[in-house]
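Report on the following structure.
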Amino acid sequence: MKNHAKKAAAFIANEPRTDWHDESLWMVRKKRDKAASQVKEWEQLRNIASQIKDHVLSNLDGYLETFEKNARKNGVQVHWAADADEHNKIVYGILKEKGIRHVVKSKSMLTEECHLNPFLENNNIEIIDTDLGERIIQLLEEPPSHIVMPAIHLKKEEISDLFNKKLNTEKDNYDPKYLTEAARQHLRDKFLQAGAAITGVNFAIAETGGVVVCTNEGNADMGVHAAPVQIHCMGIEKIIPAMEHLGVFTRLLARSATGQPITIYTAHHHRPKINGEMHIVMVDNGRSEHLGKPDFRNALKCIRCGACMNTCPIYRRSGGHSYNYTVPGPIGSILTPRVDLEKYSDLPFASSLCGSCSDVCPVKIDIHEQLYKWRQHVSEHHLLPTSKKTALNFSAKILSHQSLYKNAGMLAKTFLKIAPRFLIYHKYNEWGKEREMPDVPTESFKKWYRRNRMKNKK
Amino acid sequence: MGRIKILENIKRNKPAVVGLPEIPGFNREEKVVGLFIKNASVSGTRCFSDGQSLNEIIQRDFTTAKNIFAPDFPEIGHLSVTEKTDIGILKNIDLAIFRSPLGVAENGAIWLTEEISHHRIVPFITQHLLVVLSPENIVPTMHEAYENLPVAETGFGVFVAGPSKTADIEQSLVVGAQGARSLGILITT
């Protein structure tokens, strides 16, 4: 398995494309800033949202039971899944019982996390992703590279080629309008054929037993209202206490995600349609264990807006696929070590710790602090790569001895000045890759301080 | 099986009880109609607020619309739809016209329910959506919207804040993804 740094290196090998990716996401970040600045009480809303989520996590079992009770009263069938496998089996069980062979699905990072698509396909069920970006990557047989904009890494020429092959569109027609229209026609047929529709869930309201699903395309609603069976899959952390709290979260979500004041469609599902069935599958898959880690439980407050990705200097220049997980970027890097510490031990290091992610997070998750804590965790579990471990041990020794530190500084300065390039730029010097080492200062900070500040004190 | 395990795990692992915060009353914008029109327009919604009639709008902008569903305006729409109408028929709706009970100034969203649209899919499957909204029913923000709407009393309700759109191909905004290609709002008493 390639680690993040290696995959990122492959990504940035194409410089113009990296710049394009970087700029596309930064544009979204700027839209978010503009939208946020237009709401006077923005910071207050973030605080309240964060506190609501804290409250929910502190009584998650109670709210889940209340939600279940109220949803059942509404005629909804509620299922509990301890892990991904159980989730997939529950969904398959519902489909099998009804003899359903065609399913449409709107965007759901949870079903990606559970690998529902391959599971259903192996059981001879056709599953069609209906969000345009998701349909594109499904046809390409790739995972999403962003949780809100799954195909942000692709150029329109690539999408045009793909649609030409799969949907018989005109060759070399790169017009996004033309391509979107082709997908619209293709997907309308799929909506009408489907026996069941699966969606993710943005918010589940304990007090009323209903779920809220937000989209811009209207694909979730086209699926859910056309098919006799609707299945909403949610992580257990998606609960909010009451209707009034939706006021807070619907104001934050789209502004943080894309800079829109609200998603085009904010759909509230409380009861099944006439002659229809409505199922809600509540999935744990490690979340209740995560809740037991005081340093890291805040990550469960995430509302999946993607703002932390759009702002992250590492994500923007390494692409979502370099993270090797459904949820990439800063939030992905603090969720994945809980999933598999060894496999994802490099992700907490895929950050400059600049803290921009925490600054834009609508529920104020301390993302960069958690990244730092996960690094310590990784180190304590002896999962640091040898190069990093050696360098850190070496630094620790020098930094803890005054005389060593003094001499090392002098030595390094002299060395960088006189040594030939091959002794400085080699495979063991990670800081010399793709960039020049900084100019050597003429004097050390200590000397400078003595000359300037000590003198002034006198 | 999963249920007991999940609840037990949560009970063991959850933090000490944290109180639920109050949502304060924020300072509200008073010129809600102007703000509504401004924000709706940014989302690609066309607002009609200068005394035009529904008939004028339809005769000017929807000359090619053959199948019109307008349950609140029997003189305009001739289609009849119930919750049991076949999707194969509903997919041919060119224009659906509804009265909305509430609009939100901060984002230009309007509220529709399954009772208003007769079948849940109509606001999405119709090619074009036209909504009549009274200026007195525009509230400043989502907070007032949720205070005023009996959301849980309807089996399905939705805020619609513009035409269906996507930016999934190179961030180019395209209107008319999977839902209605346009949203028009007639603001009139």
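Protein sequence lines correspond, in order, to chains A and B.
First residue of the first sequence: 117, per the numbering used here; consecutive thereafter.
First residue of the second sequence: 616, per the numbering used here; consecutive thereafter.
Even glycine gets a Cβ: it sits at the ideal position worked out from N, Cα and C.
None of these values were measured; they are calculated from a predicted model.
Reference residue i; option with closest CA among the options
{"i": "A:S166", "options": "A:H269, A:N238, A:L369 and A:A200", "result": "A:L369"}
{"i": "A:C330", "options": "A:I352, A:A343, A:R371 and A:R304", "result": "A:R371"}
{"i": "A:V172", "options": "A:R145, A:M398 and A:A322", "result": "A:A322"}
{"i": "A:G249", "options": "B:Q793, B:R627, B:P765 and B:N624", "result": "B:Q793"}
{"i": "A:I378", "options": "B:G718, B:I784, B:R643 and B:I638", "result": "B:G718"}
{"i": "A:V556", "options": "A:F538, A:G471, A:M526 and A:R566", "result": "A:M526"}
{"i": "A:R304", "options": "B:I753, B:E762, B:T756 and B:T741", "result": "B:T741"}
{"i": "B:I625", "options": "A:N401, A:E552 and A:G448", "result": "A:N401"}
{"i": "B:Q674", "options": "B:I691, B:T804 and B:K653", "result": "B:I691"}
{"i": "A:H361", "options": "B:G799, B:L727 and B:L635", "result": "B:L635"}
{"i": "A:L487", "options": "A:D411, A:A298, A:H218 and A:R133", "result": "A:D411"}
{"i": "A:S560", "options": "A:Q160, A:Y521, A:L539 and A:K571", "result": "A:Y521"}
{"i": "B:E759", "options": "A:G191, A:F319, A:K287 and A:T366", "result": "A:T366"}
{"i": "A:T452", "options": "A:K543, A:M570, A:A415 and A:F307", "result": "A:A415"}
{"i": "A:D475", "options": "A:D138, A:G326, A:A129 and A:A152", "result": "A:A152"}
{"i": "B:I638", "options": "A:N119, A:K417 and A:V364", "result": "A:V364"}
Whole-angstrom distance between residue j and residue i, CA atom to CA atom
{"i": "B:L622", "j": "B:P750", "result": "47 Å"}
{"i": "A:N335", "j": "A:I244", "result": "11 Å"}
{"i": "B:V766", "j": "A:E550", "result": "56 Å"}
{"i": "B:F688", "j": "B:I802", "result": "15 Å"}
{"i": "A:V494", "j": "A:L500", "result": "6 Å"}
{"i": "B:P686", "j": "A:K272", "result": "41 Å"}
{"i": "A:D201", "j": "A:L141", "result": "34 Å"}
{"i": "B:S787", "j": "B:T781", "result": "8 Å"}
{"i": "A:C473", "j": "A:T502", "result": "29 Å"}
{"i": "A:K123", "j": "A:A310", "result": "38 Å"}
{"i": "A:E405", "j": "A:D456", "result": "13 Å"}
{"i": "A:K459", "j": "A:I481", "result": "23 Å"}
{"i": "A:E496", "j": "A:K147", "result": "40 Å"}
{"i": "A:V220", "j": "A:I430", "result": "34 Å"}
{"i": "A:S519", "j": "A:E258", "result": "54 Å"}
{"i": "A:L469", "j": "A:P388", "result": "46 Å"}
{"i": "A:D337", "j": "B:C662", "result": "24 Å"}
{"i": "A:I483", "j": "A:G408", "result": "17 Å"}
{"i": "B:F713", "j": "A:Q301", "result": "25 Å"}
{"i": "B:F684", "j": "B:H693", "result": "6 Å"}
{"i": "A:E213", "j": "A:I252", "result": "30 Å"}
{"i": "A:N238", "j": "A:H218", "result": "13 Å"}
{"i": "A:N233", "j": "A:A126", "result": "28 Å"}
{"i": "A:W136", "j": "A:G445", "result": "18 Å"}
{"i": "B:I704", "j": "B:G770", "result": "22 Å"}
Limits of the beta strand (DSSP E) - the one that residue i falls within
{"i": "B:S715", "result": "L710 to S715"}
{"i": "A:A299", "result": "Careful: A:A299 lies outside any beta strand (DSSP E), inside the alpha helix (DSSP H) at P292 to Q309."}
{"i": "A:D245", "result": "E242 to D245"}
{"i": "B:R661", "result": "R661 to F663"}
{"i": "A:C473", "result": "Careful: A:C473 lies outside any beta strand (DSSP E), inside the alpha helix (DSSP H) at S472 to V476."}
{"i": "A:Q486", "result": "That residue, A:Q486, is in no beta strand (DSSP E); its alpha helix (DSSP H) goes I483 to E496."}
{"i": "B:L801", "result": "S797 to I802"}
{"i": "A:E393", "result": "E393 to V399"}
{"i": "A:L515", "result": "From DSSP, A:L515 is part of no beta strand (DSSP E) but of the alpha helix (DSSP H) over T502 to L515."}
{"i": "B:L748", "result": "H743 to L748"}
{"i": "A:H195", "result": "Q193 to A197"}
Endpoints, alpha helix (DSSP H) assigned at residue i
{"i": "A:C424", "result": "A423 to T427"}
{"i": "A:F127", "result": "H120 to I128"}
{"i": "A:Y208", "result": "A200 to K214"}
{"i": "A:G339", "result": "N335 to A342"}
{"i": "B:F739", "result": "V737 to I740"}
{"i": "A:Y541", "result": "A:Y541 -> no alpha helix (DSSP H), and no H or E assigned at all."}
Residue i: contacting residues in chain C (beta-carbon distance under 8 Å)
{"i": "B:I736", "result": "Among the protein chains of the structure shown, namely A and B, there is no chain C."}
At a Cβ cut of 9 Å, what residues of the segment 377-393 of chain A count as close to chain B, listed as they run along the chain? So the list reads P377, I378, T379, I380, Y381, T382, A383, H384, H385, H386, R387, P388, K389, I390 and N391, given in the order they occur along the chain.
Along the segment 754-767 of chain B, what residues have a CB closer than 9 Å to any CB found in chain A? Those would be T756, M757, H758, E759, A760, Y761, E762, L764, V766 and A767, in chain order.
Under 8 Å (Cβ pairs) to chain B, residues found in the segment 130-154 of chain A: Correct list: S140, M143 and V144.
Short-range partners of chain B found in the segment 419-450 of chain A, where Cβ spacing is below 9 Å: Taking 9 Å as the Cβ-Cβ cut-off against chain B, none of the residues of the segment 419-450 of chain A qualify.
Cβ contact check for the segment 287-301 of chain A and the segment 356-367 of chain A: 3 or more pairs under 8 Å: Contact annotation: the segment 287-301 of chain A does not touch the segment 356-367 of chain A, with fewer than three C-beta pairs closer than 8 Å.
Quick one: any contact between the segment 258-266 of chain A and the segment 423-439 of chain A, if contact means 3 or more CB pairs under 8 Å? With the cut-off at 8 Å, the segment 258-266 of chain A and the segment 423-439 of chain A touch.
Any residues in the segment 693-717 of chain B with a beta carbon nearer than 8 Å to a beta carbon of chain A? Which ones, in chain order? Here the close residues are E698, K699, I702, G703 and K706.
Could you say if the segment 760-779 of chain B and the segment 274-283 of chain A meet the contact criterion of at least three C-beta pairs nearer than 8 Å? Flag = no, the segment 760-779 of chain B and the segment 274-283 of chain A do not touch.
Assess contact between the segment 381-392 of chain A and the segment 337-356 of chain A, defined as three or more Cβ pairs (one per stretch) separated by less than 8 Å. Is contact present? Touching, per the Cβ criterion.
Report yes or no: do three or more beta-carbon pairs, one from the segment 707-723 of chain B and one from the segment 642-661 of chain B, lie closer than 8 Å? With a cut-off of 8 Å on Cβ pairs, the segment 707-723 of chain B is in contact with the segment 642-661 of chain B, counting three or more such pairs.
Any C-beta of chain A within less than 8 Å: which residues of the segment 786-798 of chain B qualify? If the cut-off is 8 Å between Cβ atoms, the segment 786-798 of chain B has Q786, S787, V789, G791, A792, Q793, G794 and A795 near chain A.
Below 8 Å, can you find three or more Cβ-Cβ pairs linking the segment 636-649 of chain B to the segment 754-766 of chain B? Yes, they touch.
Beta carbons nearer than 9 Å to chain B: which residues of the segment 396-415 of chain A have them? The residues in question are M398, V399, D400, R403, S404, E405, H406, L407, G408, K409, P410 and R413.
If contact is defined by three or more beta carbon pairs under 8 Å, each pair taking one atom from either stretch, is the segment 201-216 of chain A in contact with the segment 174-184 of chain A? Cβ pair count under 8 Å is below three, so no.
Short of 8 Å Cβ to Cβ, which residues in the segment 636-651 of chain B face chain A? From the segment 636-651 of chain B, only P636, I638, P639, F641 and N642 have a Cβ closer than 8 Å to chain A.
Taking any Cβ of chain B, which residues in the segment 194-214 of chain A have a Cβ under 7 Å from it, in chain order? Going along the segment 194-214 of chain A in chain order, one finds W196, A197, A198 and E202 with a Cβ nearer than 7 Å to chain B.
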